[in-house]
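Numbering (the working numbering), first residue to last: 60 to 413. Note that the Cβ used here is the ideal one computed from N, Cα and C, for glycine as well. None of the values given here were measured: they were computed from a predicted structure.
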């Protein structure tokens, strides 16, 4: 009987009345894989039907070779994959939050109030400004050569390609932050929170672990190396800084969107090894790959580290303008949901107190 109780205690948190963090994370990951697989199949089938209507054989699209060709097209990386991941990650996180975590989606840092939008706009400006700095430093040091303007490959139309890339990067910024800085960081922090450890150390450890997972998630990207993986893990710390200081995903999402968009669609660099096929400025890396990054893009170069350090300092200054600067340790403390009827009763009892 004791062994059974120990097993139950290992899997179930009696105080919180829900599964332990490692099970929540595992189940949510499985839900993400299933949901993204489903939406990818639906969107690729829809694209194949559209292709058939345009005169391409539908049968050819459903072969292994045809499907592989689809994954190599810019429309897959810019539209199909981001849409599949957006709906898959979003649905899985929403359902996992509702059924497993027992909290609404807004508890993962999505709370559209006035302060949220101000932080979001700051993140947008920060990501754009830092990537402009990386480009200028690369150009001034002779590491980057401008090869043209309004650059586009044979498979794209410039304006259509820019719209596709903007939509794609907006979706990527939302779902990657919702997963890594939202679901992963919060559940890791709650799981590590222990009376002997405390909320702040638990949050910092979860902050580091979720960033490491973020780096590993990009290990399968084209041209990925151990250097790029370390750099992307460090970018996870940079992106997550706004979350642990404000408890909101506003800064991380805004920063992530423009960092990627300006990197790939404005300056023509590879974004984590992937190219959009369209950019305002066409660029070539001609020297100092260690500085500006190689085929993986600037995220594997030294300049990105400099930009992240500067961006972290600016983020701290931005948050500090509101007053005291401190860690948002509440992220490591679970707040059980209170049923509406019970909440009304508690409110009424409080109001009736003498």
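- Residue range 337-344 is occupied by the beta strand (DSSP E) that includes residue 341.
- In the DSSP assignment, residue 67 falls outside any beta strand (DSSP E) and within the unbroken alpha helix (DSSP H) covering 61-70.
- Here the segment 248-262 makes no contact with the segment 336-346; the two share fewer than three CB pairs at distances below 8 angstroms.
- By the CB criterion at 9 angstroms, residue 248 and residue 266 fall inside the cutoff.
- Under the DSSP assignment, residue 334 falls outside any alpha helix (DSSP H); it carries neither an H nor an E label.
- According to DSSP, residue 78 shares a beta bridge with 71.
- Between residue 293 and the set 309, 360, 324, 316, the nearest pair of CA atoms involves 360.
- In the structure shown, residue 96 adopts helical secondary structure according to DSSP, grouped into three states.
- Rounded to whole angstroms, the separation of the alpha carbons of residue 202 and residue 290 is 19 angstroms.
- By the beta-carbon neighbour count (other beta carbons within 10 angstroms, threshold 16), residue 151 is buried.
- Counting along the chain, residue 205 sits inside no alpha helix (DSSP H); it lies in the beta strand (DSSP E) bounded by residues 203-211.
- Our two residues, residue 236 and residue 205, have alpha carbons roughly 32 angstroms apart in a direct line.
- The continuous stretches of alpha helix (DSSP H) do not include residue 381, and DSSP gives it neither H nor E.
- In the structure shown, residue 357 falls within a helical segment according to DSSP collapsed to helix, strand and coil.
- If you compare the alpha carbons of 90, 149, 174 with that of residue 377, the shortest gap goes to 174.
- Of the candidates 95, 185, 245, 95 places its Cα closest to the Cα of residue 143.
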